[in-house]
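In this text, residue positions in the sequence shown follow the numbering used here: the first is -18, and each later residue adds one. Below is one structure, written out as structure tokens, with a few remarks after it.
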Amino acid sequence: MSSFFDLRTFISRPAIAYYDESDGDLGYLTSTEINGTTVWTGRVLDAEGNVGKYASLMTRECWEWPNPCSVVGVSYFDESNGDLKYIQYTSTYNGTSAWSAPVKPDTNGVVGLYSSLVFFQDGAFVKPAICYYNETETALMFTKSSDNDGLSWAP
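Here you go:
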């Protein structure tokens, strides 16, 4: 069961990022049907400690030549370490697809609560950006990735 989840469409099908309260993991569900009525597939995205609260899910289609792709991004809170985390799935139309390893865009204090993820245009690139709460400083924070893959982050 989960009290933290986010729903979007990915390639015209429902997709859900959620916190699995029984295991303390970040999970992901997607339907193989457009209407989402019957067939769902799930996977654990991160199981390192108590992770996945305040999950924010965002999807996008990218038509960048020569390698168009579909992207799923999830920002979430790592309660065990008090960190903001991000993970990304990229599926290219040449058949390559994979989830990245989780990264920590911010680890300074207790950060990452109530995250909200977007993809934004930065010149010719589309990059993830996250707004979240810093409990240590009682402040709203913003960070953006310096690359399309969400591997490097700047304040």
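Don't be surprised by glycine CBs; every beta carbon is placed ideally from N, CA and C.
A residue is called buried once 16 or more other Cβ atoms fall within 10 Å of its Cβ, and asparagine 129 is buried on that count. For leucine 38, the enclosing beta strand (DSSP E) stretches over residues 32 to 43. Per DSSP, serine 96 is one residue of the beta strand (DSSP E) stretching across 92 to 103. Judged by pairs of C-beta atoms under 8 Å, the segment 68 to 81 does not touch the segment 114 to 123, as fewer than three such pairs exist. Across the structure, proline -5 and alanine 36 are spaced so that their CA atoms are roughly 16 Å apart. Residue burial is scored here from C-beta neighbours: glycine 93 has at least 16 other C-beta atoms within 10 angstroms and is therefore classed as buried.
The Cβ neighbour count for leucine 7, taken over all protein chains shown within 10 Å, is at least 16; the residue is labelled buried.
As a beta-bridge residue in DSSP terms, proline 109 pairs with Phe100. Looking at the DSSP output, isoleucine -3 bridges to Leu(-12), Leu10. Counting along the chain, proline 83 sits inside no beta strand (DSSP E), nor does DSSP assign it H or E at all. For serine 126, the uninterrupted beta strand (DSSP E) run begins and ends at 120 to 126, by DSSP. When secondary structure is reduced to three states using DSSP, leucine 132 falls in the coil class, being assigned neither helix nor strand. Listed in chain order, the non-local C-beta contacts of asparagine 115 below 7 Å within the same chain comprise Gly90, Val92, Met122, local neighbours out to five positions each way being set aside.
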